[in-house]
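Participant:
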Amino acid sequence: MTSREPLARRVTAVAVGVIVAGVIAVGIPANAPYDLPEPPEQNRGDWVMPLDRYMGPSTTRLTYAEELLIEPCLQEAGFTDVEVPWRDVDAATNALESQAVRAFDLSDARARGYHVAPTDDPGATAWRTYSTTVFADPVFEARMRCGDEVLSEHPELAQDDLTSSIAIRLSDAAFSEARRDDDVLDTADEWRSCLIDSDVFESGTFATEALEKTLPRSPAGMPTVEMASEFGSGDPSSPISSDEIRLATADAACRESSGYLEALYQAEWRRQLTVPHDYGELLAQVDVEQVAQANRTVERVLETRTPARR
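If you read the sequence shown in my numbering, its first letter stands for residue 13, the second for the next number, and so on.
1. List, from N- to C-terminal side, the alpha helix (DSSP H) runs of 4 residues or more that fit wholly inside the segment 57 to 93.
2. Apart from the five residues just before and just after residue 34, which ones in its own chain have a Cβ nearer than 6 angstroms to its Cβ?
3. By alpha-carbon positions, which one of 286, 152, 176 and 254 ends up nearest to residue 67?
4. With DSSP as the reference, label residue 146 as helix, strand or coil.
5. Compute the Euclidean distance between the alpha carbons of residue 319 and residue 81, then round it to the nearest angstrom.
6. Count the other CB atoms, across all protein chains shown, that sit within 10 Å of the CB of residue 58; report buried if there are 16 or more and exposed otherwise.
7. So, residue 310 versus residue 69, is the Cβ gap smaller than 7 angstroms?
8. When the Cα atoms are used, what is the spatial distance from residue 217 to residue 207?
9. On the criterion of 16 or more Cβ atoms from any shown chain inside 10 Å, does residue 44 qualify as buried, or is it exposed?
10. Taking the CB atoms as reference points, tell me whether residue 158 and residue 203 lie closer together than 7 angstroms.
11. Could you name the residues of the same chain whose beta carbon sits closer than 6 angstroms to that of residue 138, not counting the 5 residues immediately before and after it, in chain order?
12. Given a cut-off of 7 angstroms on the beta-carbon distance, is the pair residue 104 and residue 72 in contact?
13. Can you tell me whether DSSP reads residue 167 as helix, strand or coil?
14. Helix, strand or coil, according to DSSP, for residue 47 in the structure here?
15. Tell me the rounded alpha-carbon separation between residue 284 and residue 183.
16. For residue 113, does the three-state DSSP call read helix, strand or coil?
17. Could you tell me which uninterrupted alpha helix (DSSP H) segments, each at least 4 residues in length, are contained entirely in the segment 155 to 226, listed from first to last along the chain?
18. Is the Cβ-Cβ distance between residue 190 and residue 280 less than 7 angstroms?
19. How many whole angstroms separate the CB atoms of residue 226 and residue 272, which I take to be in contact at a CB cut-off of 8 angstroms?
20. Could you compute how far the alpha carbon of residue 257 sits from the alpha carbon of residue 221?
21. Which one of 240, 87 and 174 has the shortest CA to CA distance from residue 110?
22. Which residue's Cα is closest to the Cα of residue 124: 252, 117, 290 and 276?
23. Quick check on DSSP: helix, strand or coil for residue 131?
24. If residue 136 and residue 314 are in contact, beta carbons under 8 angstroms, what's the gap, nearest whole angstrom?
25. Applying the 10 Å Cβ sphere with the 16-neighbour rule, what's the burial state of residue 65?
In structure tokens:
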């Protein structure tokens, strides 16, 4: 799972600044970058980036998937009362995990306007009860054995999330820098003109004349504080209005037609091709095929074994 631009700007702006400072503080000279080997093919639709290969499944998703794999083993051992509860793992991931920032686009706009992704996991209490249960010795011993069997069958799940965390932080720093790239900023006037000419609203707070005065200098400033307040977009539980969808989709369409998204993608891509040397040497030790397999395994388990909501 990934976080999208409006959420990132409000929630991680300070963190990204600290990250950039941390990267510089490593002490590696600017002329000694580490070139990441064999970057993937570009795919702007999925916002594929060079650092993605080093990002394994989040702890929330991995832990839940492992429990779903252990459950049938326990039940075969006779412990039929041990049942993994349903939870909204996507919402839990949004609430609990750091995720790589991705650009806001038309699919996001159509799905939820400027609203941040859902973070309310209705199954959180049941999961907390289950995950903190102290099992009796027979069950505990069986769990240990079943856990070993799961890792024996799926060794890719034995993940160290340190490299994932580093890759995510470097990715977010690259995204933050890319938004200030000259090629990206050069598209801002075209984006503004496009959105104003769209005449999204004839009257109201964000009518064309008012919008012309309040639009930020680049799409990175969207939604504005006034828009976020009007739409309640910082609260994932608040309703998403048709007006919000209209403005967000017009905004996203103009980001595309103005060349902003393409320029942003290329700017971030360039920044992700090299990393500070210390981090590069650490990432070079990662088995990226194993990381990819871990992601596939976890997503397959979540899709096929998550129980029905009770």
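Every residue gets a Cβ at the ideal spot worked out from N, C-alpha and C, and that includes glycine.
Since the model is a prediction, treat every value here as computed from it, not as a measurement.
Facilitator: Reading from the atomic positions:
1. 71 to 88
2. At residue 34, the pLDDT of 45 sits below 50, so the modelled position is not reliable; the number obtained from the coordinates is stated separately. Nothing listed; no residue qualifies.
3. 176
4. coil
5. 12 angstroms
6. exposed
7. yes
8. 15 angstroms
9. exposed
10. no
11. 97
12. yes
13. helix
14. strand
15. 7 angstroms
16. strand
17. 173 to 190, 194 to 197, 200 to 209 and 220 to 226
18. yes
19. Going by Cβ atoms, the distance from residue 226 to residue 272 rounds to 18 angstroms, so no, they are not a contact pair.
20. 19 angstroms
21. 174
22. 252
23. coil
24. With a Cβ gap of about 16 angstroms, residue 136 and residue 314 do not count as contacting.
25. buried
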